[in-house]
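*Asks:*
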Amino acid sequence: MGSERSQPPSTPTPTPLHQSDADDDDDDDNVKQLNECSSLYLALQDCLVNTNRNWKSCQIEVQALKSCNERKKNDKGK
C-alpha cells in the first residue's frame, strides 16, 4: 500500500464577471438603493421567521419592499 497523496488540480483565478460595472457613474446611487431594498428584504425575512411564515402578518414589510423595488425600476427608466 502506497502513501501517495494526490494533489487537487490547480484552478485558474476567476476574473470578475461584472468588471465593467465598476466604471459606471451611477454606481453610488445603485449601491444606496440596493442597501435600502436589501434592508427591507431582511426586515421581511425577520417578520416571516417571527410569525411562522405568516405572510398576512408581514404586509407592511411586503409593501415596503414592493415600493422600493418599484422606485428602483422607475429610477432606472429615467
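full-length UniProt numbering puts the first residue of the sequence shown at 1, with every later residue one more than the last.
The C-beta atom is built at its ideal place from N, Cα and C for all residues, glycine as well.
Report the three-state DSSP secondary structure of Arg71 (helix, strand or coil).
*Replies:* Of the three classes helix, strand and coil, the one that applies to Arg71 here is helix, per DSSP.
*Asks:* Could you give the distance in angstroms between the alpha-carbon of Lys72 and the alpha-carbon of Tyr41?
*Replies:* Approximately 14 angstroms, taken between the alpha carbons.
*Asks:* Any idea what DSSP makes of Asn50, helix, strand or coil?
*Replies:* Asn50: helix per DSSP, three-state reduction.
*Asks:* Please determine, among Asn74, Cys58, Ser67, Ser38, the residue with the shortest C-alpha to C-alpha distance to residue 138.
*Replies:* Absent from the model: residue 138. The displayed extent of the chain is 1 to 78, so no value can be given.
*Asks:* Which same chain residues end up closer than 6 angstroms to Glu61 when comparing Cβ atoms and leaving out the 5 residues on each side of it in sequence?
*Replies:* Within the same chain, Glu61 has close Cβ partners Ala43, Leu44, Cys47.
*Asks:* Just the C-alpha distance for Lys76 and Lys66, rounded to the nearest angstrom, thanks.
*Replies:* Roughly 15 angstroms separates the two Cα atoms.
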